[in-house]
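Enquirer: Following this message is one structure expressed as structure tokens.
Protein chains: 2
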Amino acid sequence: MKPNYHYKDVAETYLFSTVAKKVSEYSSANPDQKILRMGIGDVTLPLAPAVISAMHEAVDEMSKKETFKGYGPEQGYAFLRESIQSYYARRGITLKTEEIFVSDGAKSDCGNILDLFDADNTVLVPDPVYPVYVDTNVMVGRKVSYMQATAENGFLPMPDETKKADIIYLCSPNNPTGAAYSKDQLQKWVDFALKNGSVILYDAAYECFVTDGAARSIFEVEAAKRCAIELCSFSKTAGFTGTRCGYTVVPEELIFDGMSLRKMWLRRQTTKFNGVSYIVQKGAAAVFTEEGEKQIAENLSYYRENAKAIAACMDECGIPYTGGKNSPYIWLQCPCGMTSWEFFDYLLEKIQVVGTPGSGFGKNGEGYFRLTAFASRETTQEACDRLKALLKQ
Amino acid sequence: MKPNYHYKDVAETYLFSTVAKKVSEYSSANPDQKILRMGIGDVTLPLAPAVISAMHEAVDEMSKKETFKGYGPEQGYAFLRESIQSYYARRGITLKTEEIFVSDGAKSDCGNILDLFDADNTVLVPDPVYPVYVDTNVMVGRKVSYMQATAENGFLPMPDETKKADIIYLCSPNNPTGAAYSKDQLQKWVDFALKNGSVILYDAAYECFVTDGAARSIFEVEAAKRCAIELCSFSKTAGFTGTRCGYTVVPEELIFDGMSLRKMWLRRQTTKFNGVSYIVQKGAAAVFTEEGEKQIAENLSYYRENAKAIAACMDECGIPYTGGKNSPYIWLQCPCGMTSWEFFDYLLEKIQVVGTPGSGFGKNGEGYFRLTAFASRETTQEACDRLKALLKQ
Numbered sequence: 001m002k003p004n005y006h007y008k009d010v011a012e013t014y015l016f017s018t019v020a021k022k023v024s025e026y027s028s029a030n031p032d033q034k035i036l037r038m039g040i041g042d043v044t045l046p047l048a049p050a051v052i053s054a055m056h057e058a059v060d061e062m063s064k065k066e067t068f069k070g071y072g073p074e075q076g077y078a079f080l081r082e083s084i085q086s087y088y089a090r091r092g093i094t095l096k097t098e099e100i101f102v103s104d105g106a107k108s109d110c111g112n113i114l115d116l117f118d119a120d121n122t123v124l125v126p127d128p129v130y131p132v133y134v135d136t137n138v139m140v141g142r143k144v145s146y147m148q149a150t151a152e153n154g155f156l157p158m159p160d161e162t163k164k165a166d167i168i169y170l171c172s173p174n175n176p177t178g179a180a181y182s183k184d185q186l187q188k189w190v191d192f193a194l195k196n197g198s199v200i201l202y203d204a205a206y207e208c209f210v211t212d213g214a215a216r217s218i219f220e221v222e223a224a225k226r227c228a229i230e231l232c233s234f235s236k237t238a239g240f241t242g243t244r245c246g247y248t249v250v251p252e253e254l255i256f257d258g259m260s261l262r263k264m265w266l267r268r269q270t271t272k273f274n275g276v277s278y279i280v281q282k283g284a285a286a287v288f289t290e291e292g293e294k295q296i297a298e299n300l301s302y303y304r305e306n307a308k309a310i311a312a313c314m315d316e317c318g319i320p321y322t323g324g325k326n327s328p329y330i331w332l333q334c335p336c337g338m339t340s341w342e343f344f345d346y347l348l349e350k351i352q353v354v355g356t357p358g359s360g361f362g363k364n365g366e367g368y369f370r371l372t373a374f375a376s377r378e379t380t381q382e383a384c385d386r387l388k389a390l391l392k393q
Numbered sequence: 001m002k003p004n005y006h007y008k009d010v011a012e013t014y015l016f017s018t019v020a021k022k023v024s025e026y027s028s029a030n031p032d033q034k035i036l037r038m039g040i041g042d043v044t045l046p047l048a049p050a051v052i053s054a055m056h057e058a059v060d061e062m063s064k065k066e067t068f069k070g071y072g073p074e075q076g077y078a079f080l081r082e083s084i085q086s087y088y089a090r091r092g093i094t095l096k097t098e099e100i101f102v103s104d105g106a107k108s109d110c111g112n113i114l115d116l117f118d119a120d121n122t123v124l125v126p127d128p129v130y131p132v133y134v135d136t137n138v139m140v141g142r143k144v145s146y147m148q149a150t151a152e153n154g155f156l157p158m159p160d161e162t163k164k165a166d167i168i169y170l171c172s173p174n175n176p177t178g179a180a181y182s183k184d185q186l187q188k189w190v191d192f193a194l195k196n197g198s199v200i201l202y203d204a205a206y207e208c209f210v211t212d213g214a215a216r217s218i219f220e221v222e223a224a225k226r227c228a229i230e231l232c233s234f235s236k237t238a239g240f241t242g243t244r245c246g247y248t249v250v251p252e253e254l255i256f257d258g259m260s261l262r263k264m265w266l267r268r269q270t271t272k273f274n275g276v277s278y279i280v281q282k283g284a285a286a287v288f289t290e291e292g293e294k295q296i297a298e299n300l301s302y303y304r305e306n307a308k309a310i311a312a313c314m315d316e317c318g319i320p321y322t323g324g325k326n327s328p329y330i331w332l333q334c335p336c337g338m339t340s341w342e343f344f345d346y347l348l349e350k351i352q353v354v355g356t357p358g359s360g361f362g363k364n365g366e367g368y369f370r371l372t373a374f375a376s377r378e379t380t381q382e383a384c385d386r387l388k389a390l391l392k393q
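Protein chains in written order, with our numbering: chain A, 1 to 393; chain B, 1 to 393.
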């Protein structure tokens with residue numbers, strides 16, 4: 001048997017393990033120091049009460065013969081797909097339930113959706129980037145090229161006629177930079193993709209953080225239905241990182257060489273997937289109830305206030321940054337020309353604040369640093385106080 | 001963008017939709033007739049009380065900041081992998097927890113594991129077969145060849161030196177035939193795979209139904225760790241078809257061209273998957289508690305009694321069959337030389353019993369018919385009474 005030799009080309013990423021190792025070494029050497037973790041991309045608030053009670057009810061249903069649920073539809077129960085359909089409708093976007101596919105999370109879909117494309121396609125990803133976009137393509141030997149996301153373009157690269165590609169990744173609001181495209185900017189990407197016969201994979205995992213009129217869905221641009229797939233998640237919206245649920249929108253207008261990507265994805269999911277736990281789907285549907293939406297909004301406000309506090313701290317320190325407004329991430333320029341890792345060590349040594357070195361996300365991330373708004377209010381405020389004391393000149 | 005053209009080669013399978021259509025048409029035309037559904041491969045008993053209470057507790061943990069769980073390990077929580085390790089240890093099989101990967105189900109793993117293999121490998125599957133084995137390979141353009149499972153070999157094909165292959169699928173106890181390999185037979189397959197450098201994908205989803213000393217794991221054959229991956233599931237063991245949890249064992253001894261399949265699978269799962277819901281994993285771990293095992297055993301006995309009743313009914317009618325002993329499936333030869341679909345129509349028209357036509361599983365399935373033990377006791381008994389009245393000569 002010949003193994004998939006492309007796995008040899010996947011770079012080992014030591015980013016988060018190196019961070020963990022450095023923190024643990026520091027902690028062992030300095031057991032009395034209180035370390036403030038501002039690097040995590042994981043939520044910390046518990047699930048909303050509406051979600052909890054829906055899941056308890058679902059567990060009870062599974063305990064009785066009359067209400068027990070066996071295999072469900074691979075693409076998700078109608079009750080959840082209809083809730084997602086309404087969620088889009090409230091933002092003026094019309095989707096068919098057949099275009100909505102529920103999954104165990106956007107990360108799974110992000111990898112699995114590539115099954116629909118020939119290995120002989122070129123891929124365009126921004127730098128810096130969520131490493132999964134690159135690795136999943138390298139694993140099948142697909143050629144990856146980069147577009148530059150820099151301070152000059154506000155970390156929002158726009159189409160470049162000299163950089164055509166078959167598969168284009170856009171993530172907005174962006175991980176790691178927190179920058180978010182406007183509808184007008186997305187229109188330009190859609191025009192470019194339609195002109196070149198490309199497909200856009202649009203990662204909308206952070207859409208719920210948009211507050212200032214930036215786009216929340218690529219389908220705000222009508223013609224996007226002819227060139228874009230949107231990946232979305234309950235992870236950040238409703239704190240489902242450990243509960244696992246996401247969804248992907250594959251419009252029926254997506255036809256390439258006479259092949260319907262929606263039909264192909266349905267075939268892929270019915271063949272290689274067996275649906276999401278009924279209990280989890282009931283919890284996810286509760287996110288869209290009146291009560292659920294109110295509770296979710298409170299949790300999001302909590303994180304947004306944290307983000308605002310970090311952004312205000314950067315303003316006070318005179319440090320340039322993106323994000324913090326439409327995003328739980330603050331992407332800041334390391335002061336005094338420090339590299340990402342130098343700044344990491346500096347913060348850890350001096351004030352015991354842990355963040356994520358930007359260089360871990362790509363070469364354009366060098367000299368940048370990511371802080372996140374997912375810690376508790378108390379941790380966030382203390383971190384801001386320490387940052388100000390250290391960096392305010 | 002070039003779509004994956006191999007999707008054009010995937011046969012549309014109308015088996016279960018045709019069954020559903022025929023039943024619904026008959027039912028509309030004959031609204032007073034009581035139809036007995038004996039074709040389903042889905043469990044009907046509710047989850048065990050131990051599983052239910054573990055999941056309630058887990059939901060409660062998710063409701064409090066102190067016990068909330070965000071991202072978990074992609075390969076599954078240690079508590080569950082250790083329980084699975086002990087489950088194998090009680091059967092005399094030593095596994096490392098690093099060799100056990102928890103997933104959202106065996107169907108997902110069955111498709112996703114193929115990421116580890118080059119497209120240029122030949123695949124050997126039995127006929128009749130679970131269609132997923134074939135379709136997932138056709139989707140990447142891999143060449144599929146068949147080995148014949150017939151009444152002559154008890155539906156248990158053995159290695160044939162003229163039919164070499166790089167990837168070999170074995171499913172035991174088998175879906176759809178219910179036949180199960182002995183340890184000695186598996187030893188021959190392992191020898192064959194080692195001699196030819198093949199990998200065996202061993203589907204053990206029905207292992208919990210083994211009662212007569214047939215093999216429950218391919219790792220009962222020690223050398224199998226150098227050539228086999230085992231896929232397993234909580235679906236049939238613990239009624240998790242709608243709860244979604246499975247696991248795959250990838251031994252560290254599996255090295256092909258210097259590449260470790262275990263490390264590759266870890267890389268695949270950490271890149272394209274984000275773990276199973278904490279709530280579901282807590283439920284799955286409860287399956288292995290003393291209380292859980294007792295309750296699960298009762299449910300399995302219930303289905304086994306159903307299988308025994310169907311088998312006894314076939315004996316009384318003088319109809320040859322396999323399965324029913326180590327399997328929830330009874331694979332019977334259609335009487336009077338009827339084709340699978342003729343017999344389907346005959347049973348529906350005459351006694352309103354619904355089964356699954358064997359021809360839907362492959363050309364060797366023609367003339368065969370599958371009944372399942374997953375219906376209620378009452379339905380099963382009534383179906384047996386009707387079958388006897390019709391078929392007993």
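Every residue, glycine too, gets a C-beta built ideally from N, C-alpha and C.
For K236(B), which of P157(B), N175(B) and Q381(B) has the nearest alpha-carbon?
Expert: N175(B)
Enquirer: Short check: CB of K272(B) to CB of G258(A), under 8 Å?
Expert: Not closer than 8 Å, so no.
Enquirer: Express the C-alpha separation of S145(B) and K363(A) in angstroms, rounding to a whole number.
Expert: Rounded to whole angstroms, the separation of the alpha carbons of S145(B) and K363(A) is 47 Å.
Enquirer: Can you tell which of W265(A), V276(A) and V134(A) has its C-alpha closest to the C-alpha of N4(B)?
Expert: W265(A)
Enquirer: Hey, how far is the Cα of A309(A) from the Cα of L170(A)?
Expert: 27 Å
Enquirer: Closer than 6 Å by C-beta to S359(A): which residues in its own chain qualify, once you throw out the five before and the five after it? Chain order, please.
Expert: S340, G365 and E366
Enquirer: Over what stretch of residues does the alpha helix (DSSP H) that includes G111(A) continue unbroken?
Expert: A106 to N112
Enquirer: Within 8 Å, do at least three Cβ pairs link the region 377-391 of chain B to the region 307-324 of chain B?
Expert: The region 307-324 of chain B is in contact with the region 377-391 of chain B.
Enquirer: For G324(B) versus G154(B), is the C-beta distance shorter than 8 Å?
Expert: Taking the C-beta atoms as reference points, G154(B) is found no nearer than 8 Å to G324(B).
Enquirer: Give the DSSP-derived three-state secondary structure of V353(A) in the structure shown.
Expert: strand
Enquirer: Within its chain, find whatever has a CB closer than 6 Å to the CB of A228(B); leave out the 5 residues flanking it on each side and keep chain order.
Expert: I200, Y202 and I218
Enquirer: In whole angstroms, what separates the C-alpha of E298(A) from that of S172(A)?
Expert: Put simply, the backbone Cα of E298(A) is about 22 Å away from that of S172(A).
Enquirer: With a cut-off of 8 Å on the beta carbons, I'd call P126(A) and M147(A) a contact; round off their distance for me.
Expert: 5 Å
Enquirer: Quick one: which chain C residues come within Cβ less than 9 Å of P73(B)?
Expert: Among the chains of the structure shown, chain C does not appear; the protein chains present are A and B.
Enquirer: Rounded to whole angstroms, what's the CA-CA distance from C334(B) to S53(B)? Just pull it up for me.
Expert: 44 Å
Enquirer: For the beta strand (DSSP E) containing A133(A), list its first residue and its last residue.
Expert: A quick correction: the sequence has Tyr, not Ala, at residue 133(A). Y133(A) -> not in any beta strand (DSSP E); alpha helix (DSSP H) instead, spanning P131 to V138.
Enquirer: Which residues in the same chain as I84(A) place their Cβ atom closer than 6 Å to its Cβ, once the five residues preceding and following it in sequence are excluded?
Expert: I100 and Y247
Enquirer: Would you call E25(B) buried or exposed, if buried means 16 or more other Cβ atoms sit within 10 Å of its Cβ?
Expert: exposed
Enquirer: Who are the Cβ neighbours of T97(B) in its own chain at under 7 Å, not counting the five residues just before and after it?
Expert: A78, R81, E82 and Q85
Enquirer: On the CB-based measure, 16 or more other CB atoms within 10 Å of its CB, does N30(A) come out buried or exposed?
Expert: Counting of Cβ neighbours within 10 angstroms places N30(A) among the exposed residues, the total staying below 16.
Enquirer: Return no unless some Cβ of chain A is closer than 8 Å to the Cβ of S327(B).
Expert: no
Enquirer: Looking at the C-beta of L418(B), does it have a partner C-beta in chain A at a distance below 8 Å?
Expert: The structure shown does not extend to residue 418(B), since chain B is modelled only from 1 through 393, so no value can be given for it.
Enquirer: Whose C-alpha, out of Q269(B), F209(B) and F192(B), is nearest the C-alpha of T162(B)?
Expert: F192(B)
Enquirer: Check whether the Cβ atoms of D212(B) and N326(B) lie closer than 8 Å to each other.
Expert: yes
Enquirer: Strictly below 7 Å CB to CB, what residues from chain A border V280(B)?
Expert: S277
Enquirer: Going along the region 164-179 of chain B in order, which residues come within less than 8 Å of chain A, judged by CB to CB distance?
Expert: D166 and I167
Enquirer: Thinking just about the alpha-carbon of each residue, which of V132(A), Q75(A) and Y181(A) is nearest to the one in L156(A)?
Expert: When only C-alpha atoms are compared, the closest one is Y181(A).
Enquirer: Do we get a CB-CB distance below 8 Å when we pair R267(B) with the residues of chain A?
Expert: At a cut-off of 8 Å, the C-beta of R267(B) has a neighbouring C-beta in chain A.
Enquirer: Which residues in chain A have a C-beta closer than 7 Å to the C-beta of D135(B)? List them in chain order.
Expert: T271
Enquirer: If you run the structure through DSSP and keep just helix, strand and coil, what is K143(B)?
Expert: Note: K143(B) maps to strand in three-state DSSP.
Enquirer: Please name the residue, chosen from K195(B), M158(B), P46(B) and Y368(B), that lies closest to F240(B) on a Cα-to-Cα basis.
Expert: When each option's Cα is compared against that of F240(B), the closest is P46(B).
Enquirer: State yes or no: is the C-beta of T380(B) within less than 8 Å of the C-beta of A373(B)?
Expert: yes
Enquirer: If you draw a straight line from the alpha carbon of G92(A) to that of A307(A), how long is it in whole angstroms?
Expert: 28 Å
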